[in-house]
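As structure tokens, the structure follows; a few thoughts come after it.
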Amino acid sequence: DATLLQKRFTLPARDPVRVSFGGVARGQEAPIFWISEKTANRILADSGQTVEALRRAAEQLGLDEVQTFDTGQTVAMQIDGEVRAGVEAVHVIGHLPAVEAQNLGGQMIVVMAQYDAPPPAPGDAIYPAVNDNASGVAVMLEAIRIMYETGYRPYKTFLFVA
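Going by this note's numbering, the first residue of the sequence shown is number 7, and it counts up by one from there.
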């Protein structure tokens, strides 16, 4: 749908509409690349597939069934972004270092929790995301507490981001 390109955001086809706390979200702001069906067919040409053939095949797939194949193509895309200076972002970052002898080549496990809505205050508006934000951060903090109290020494460094 060409009008979606004008909106500059979308939700994935698997979940195009999200209902949360009585509100309906249609799309989210995120960089998305759209290509024409003609371009898709050019990418598919060496595989013997077409967009239309894949649509027909998709209708025959069972629940949670996936069809994969190699297109034989390498595609590169680029998007021009914009750096916005002076925008305040509040994050909390912590880490639990790996056991030195078992550092596993600098590999790291990143644990993230969404933390983007302020808590409600008396007389303020209610922020629907507070519940899921608070619960995610609470679970992450509890995991950190248990690791610390039990003396857990990981073989990979943990980076915690909220």
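For glycine and all other residues, C-beta sits at the position ideal for the given N, C-alpha and C.
- For the segment 139-167, the continuous beta strand (DSSP E) assignments of 3+ residues that do not extend past its boundaries occur at 163-167, in sequence order.
- DSSP, reduced to helix, strand and coil, places ILE99 within a strand of the structure shown.
- Annotation for ILE49: the continuous alpha helix (DSSP H) segment containing it runs 43-50.
- Shown here, VAL57 sits in a helix according to DSSP, grouped into three states.
- In summary, ALA104 is buried, with 16 or more beta-carbon neighbours lying within 10 Å of its beta-carbon over all protein chains present.
- Contact annotation: LEU165 and HIS101 have beta-carbon atoms nearer than 8 Å.
- The C-alpha of ILE49 lies about 7 Å from the C-alpha of THR77.
- Taking the CA atoms as reference points, TYR121 sits about 12 Å from VAL145.
- By DSSP's assignment, ILE85 forms no beta bridge with any residue.
- Rounded to the nearest whole angstrom, the C-alpha separation of ARG151 and TYR158 is 10 Å.
- Close CB contacts of ALA63 within its chain, under the 7 Å cut and outside five residues either way in sequence, are with GLN73 (chain order).
- For VAL117, the enclosing beta strand (DSSP E) covers residues 114-118.
- Around the CB of ALA51, fewer than 16 other CB atoms lie within 10 Å, so the residue is classed as exposed.
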